[in-house]
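First comes the structure, then the notes that go with it.
Protein chains in written order, with this note's numbering: chain G, 61 to 563; chain E, 420 to 732.
Here it is in structure tokens:
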């Protein structure tokens, strides 16, 4: 049934002028993705009022185009400027940027483009297969599982920062403290607000992440001067005439295991409301590093370090629709806005959404997938021009990026305080670069902190104060506990094993 | 006496301001402030009403989202505007009423808002899991433990209603809050981690239609769903007073003729086919009240919640 409806939706997209809305969405998504500070959420939030006068299906194509295209757009900036265009591209910077510095930006962009499209396709197939089970999946993930997933994410921090364990943990701890600022979601008590009203609702993520990733990196670049690509890398790039794009595309198929794992992690995390793409791509990256035979090669320009997060990043869109088709609830910030568009068109999302609004849902699925592929193709065509960015003097790059990202932060809610927060986080982020503290661990803890705290509190209440006993009776919880233990002990076991074999 | 005095003052204000603005609405757009982000319940109702009101009022209506600080930032923006009818807003009632009653600073006073109209009202009901052995409120109270209820936040209207209602009924509850939306609170009931949830009947209807949830009581005076008891027949007539209202208001001291023009525009909009059709599709309970009725309702609500001040603090 799923695939028939899918084919119907494909035929509908292909006919008439709908494709124009879709392409407009893709173009918009790419632009919003490339620019740090602007992301899919901002694009959709700004689009909601615009879609009011449109046919509901055309609105879906526009929204789907944006959702599918932003994540690849963001990877371009991540690779070329070490600044994730959208927060989920943060993990891509680890290996993407070193590749760009070595003059292999084409290779990285090719791999990112291909991994994004393939991830999107795999996410879509997984979604269609799991639609009949969607209700069961959503019902088997309660507060206990949400809490354990956040613990798993926090545990992955510890293993992702090899050699810098203490610094990683400090950054993670600071991230958690920042996440706890504001009113407690359960009790309503105010914490760490220092009498500032703005902080009552907590630290908003978009400004915090934009400051952490974009502004800090721009400060770093401005102080360093010159261009992004190192002089040796620049010569190399000039000699190679930015080739390697095709090689990058092929590298994805050579590392299909990495692609598949990234996509599965992306789909799963996407299906869990509140975790989101940043966590999905981070977990995909850290699990790839962990299971690789040569973990030391990461962070220095290993192409798999680009494939894993980028595939997860696009697969998560398919996953985030699982709660939507099951109960009409959002799996991500983007799907929440997409449901807002539906409400505006007189469709009330609920458990019967797939029954009565199949056209809209499948229209969106097709649009997202089409957009992921189209954005990558456009990106590949443009890549030879885009990599030139790495050879532009930072004196030009920095002011442009700073101005646009601060404007983007302001536009989202129209609050000057958000801009101020972005700058403050930018300075903190720069100090972290300067003193070699990993920024992503702070961000992951910041993203996970709220869900971790809230779901733990909920488990306490629903288990009558016996959280552990409650969790041990739930199958998925037990599996997650096992995964957390393995995540903790795998690196230690590997070290012991290496010592033995060395001796 | 005091009331008469106030009315006199207001009338004076109306006279002076009214003469200058006799032409409302001129060729200038009316700003309709939504205190929440685009795509939510309040935003939807405003954006749906905007074109209908444009027609009945003959002026352009532009929705503007000013979100933040639990919906008070939007209310503050309206309160600071000129009372010329070109800035109006939608208010979350009785959420704001309760906050003000509890002495929280909203940044503006609800008593000063020029109330224009009430557009919709939702009544509450309690639902349990579809296959639950619980069939009545009595069964729910006899579970042998404090009833676990799911909700989004401690200060939401439904949470406050739960606390007061179960106090009146006389059963202990544990309010498990923190769910990210009203749909999530209902899914929590389906997962079985809580016993029941109290939500607007129209929201619950989506899940009772698929038998995922079962409605056991409605907070109404009459039977609204066949075979489901209402609180009044159970001997708790006070509970039918609870509801969630979508109220339109403007800056303090708005001239009476401007209020009247706006209220008439909303009244015709509520009756327009486009709005009626939209309401049927989204199970929105349209319920128009004019300016005087709205004001009376607001005063009644303040008094009503004042009785429970101690319970809520």
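Backbone N, C-alpha and C fix where the C-beta goes; we use that ideal spot for every residue, glycine too.
Closer than 8 Å to chain E by CB, residue i
i, result
"residue 517 (chain G)", "yes"
"residue 481 (chain G)", "no"
"residue 247 (chain G)", "yes"
"residue 389 (chain G)", "yes"
"residue 105 (chain G)", "yes"
"residue 452 (chain G)", "no"
"residue 315 (chain G)", "no"
"residue 334 (chain G)", "yes"
"residue 261 (chain G)", "yes"
"residue 426 (chain G)", "no"
Residue i at chain G interface by Cβ criterion, 8 Å
i, result
"residue 533 (chain E)", "no"
"residue 612 (chain E)", "yes"
"residue 626 (chain E)", "yes"
"residue 708 (chain E)", "no"
"residue 466 (chain E)", "yes"
"residue 631 (chain E)", "yes"
"residue 450 (chain E)", "no"
"residue 567 (chain E)", "yes"
"residue 520 (chain E)", "no"
"residue 639 (chain E)", "no"
"residue 572 (chain E)", "yes"
"residue 431 (chain E)", "Low confidence applies to residue 431 (chain E): its pLDDT is 48, below 50, so where it sits in the model is not reliable enough to give any reading."
Extent of the continuous alpha helix (DSSP H) run through residue i
i, result
"residue 566 (chain G)", "For chain G, the structure presents residues 61 to 563; residue 566 (chain G) sits outside this window and is missing."
"residue 518 (chain G)", "499-522"
"residue 121 (chain G)", "116-141"
"residue 728 (chain E)", "728-731"
"residue 527 (chain G)", "527-532"
"residue 92 (chain G)", "78-94"
"residue 453 (chain G)", "First-last for residue 453 (chain G): undefined, no H or E at that position."
CB of residue i within 8 Å of CB of residue j, strictly
i, j, result
"residue 464 (chain E)", "residue 536 (chain E)", "no"
"residue 348 (chain G)", "residue 309 (chain G)", "no"
"residue 469 (chain G)", "residue 270 (chain G)", "yes"
"residue 97 (chain G)", "residue 268 (chain G)", "no"
"residue 493 (chain E)", "residue 514 (chain E)", "no"
"residue 89 (chain G)", "residue 133 (chain G)", "yes"
"residue 65 (chain G)", "residue 431 (chain G)", "no"
"residue 151 (chain G)", "residue 341 (chain G)", "yes"
"residue 591 (chain E)", "residue 578 (chain E)", "no"
"residue 424 (chain G)", "residue 103 (chain G)", "no"
"residue 170 (chain G)", "residue 306 (chain G)", "yes"
"residue 234 (chain G)", "residue 502 (chain G)", "yes"
"residue 372 (chain G)", "residue 396 (chain G)", "no"
"residue 187 (chain G)", "residue 381 (chain G)", "yes"
"residue 326 (chain G)", "residue 360 (chain G)", "no"
"residue 535 (chain G)", "residue 136 (chain G)", "no"
"residue 533 (chain E)", "residue 673 (chain E)", "yes"
"residue 450 (chain G)", "residue 287 (chain G)", "yes"
Interface partners of residue i on chain G, CB under 9 Å
i, result
"residue 717 (chain E)", "By Cβ distance, chain G contributes nothing, its closest Cβ being about 24 Å from residue 717 (chain E), past 9 Å."
"residue 642 (chain E)", "By Cβ distance, chain G contributes nothing, its closest Cβ being about 23 Å from residue 642 (chain E), past 9 Å."
Segment limits, beta strand (DSSP E) that includes residue i
i, result
"residue 209 (chain G)", "Here residue 209 (chain G) belongs to no beta strand (DSSP E); instead the alpha helix (DSSP H) covers 203-220."
"residue 448 (chain G)", "It is not in any beta strand (DSSP E) - residue 448 (chain G) carries neither H nor E in the DSSP assignment."
"residue 492 (chain G)", "Note, residue 492 (chain G): premise wrong, no beta strand (DSSP E); alpha helix (DSSP H) at 476-494."
"residue 568 (chain E)", "566-569"
"residue 447 (chain E)", "Unbroken run through residue 447 (chain E): none, as it is neither H nor E."
"residue 158 (chain G)", "Premise fails: residue 158 (chain G) lies in the alpha helix (DSSP H), 152-161, not in any beta strand (DSSP E)."
"residue 482 (chain E)", "480-484"
Partner residues on chain G for residue i, Cβ-Cβ distance less than 7 Å
i, result
"residue 593 (chain E)", "521"
"residue 701 (chain E)", "406 and 408"
Chain G contact residues for residue i, given Cβ-Cβ distances below 8 Å
i, result
"residue 602 (chain E)", "387, 388, 389, 409 and 410"
"residue 615 (chain E)", "In chain order: nothing, as chain G lies at least about 13 Å away."
Where residue i meets chain E, residues with beta-carbon distance less than 8 Å
i, result
"residue 199 (chain G)", "606, 609 and 610"
Chain E contact residues for residue i, given Cβ-Cβ distances below 7 Å
i, result
"residue 112 (chain G)", "466"
"residue 257 (chain G)", "488"
"residue 115 (chain G)", "Going along chain E, no residue has its Cβ under 7 Å from residue 115 (chain G), so there is no contact; the nearest lies around 16 Å."
Open item on the list: Restricting to runs no shorter than 3 residues, where is the beta strand (DSSP E) found entirely within the stretch 226-301 of chain G?
Closed with: none
Task: Contained alpha helix (DSSP H) runs [length at least 4] in the stretch 335-417 of chain G, N- to C-terminal order - done: Runs of the alpha helix (DSSP H) lying entirely within the stretch 335-417 of chain G and spanning at least 4 residues, in chain order: 336-351, 364-380, 382-387, 393-404 and 413-416.
Task: Uninterrupted beta strand (DSSP E) stretches inside the stretch 577-663 of chain E (no shorter than 3 residues) - done: 592-595, 615-619 and 632-637
Task: Uninterrupted beta strand (DSSP E) stretches inside the stretch 490-578 of chain E (no shorter than 3 residues) - done: Correct list: 506-512, 533-541, 543-548 and 566-569.
Task: Ordered list of beta strand (DSSP E) runs contained in the stretch 671-728 of chain E, each at least 3 residues - done: Runs found: 705-708.
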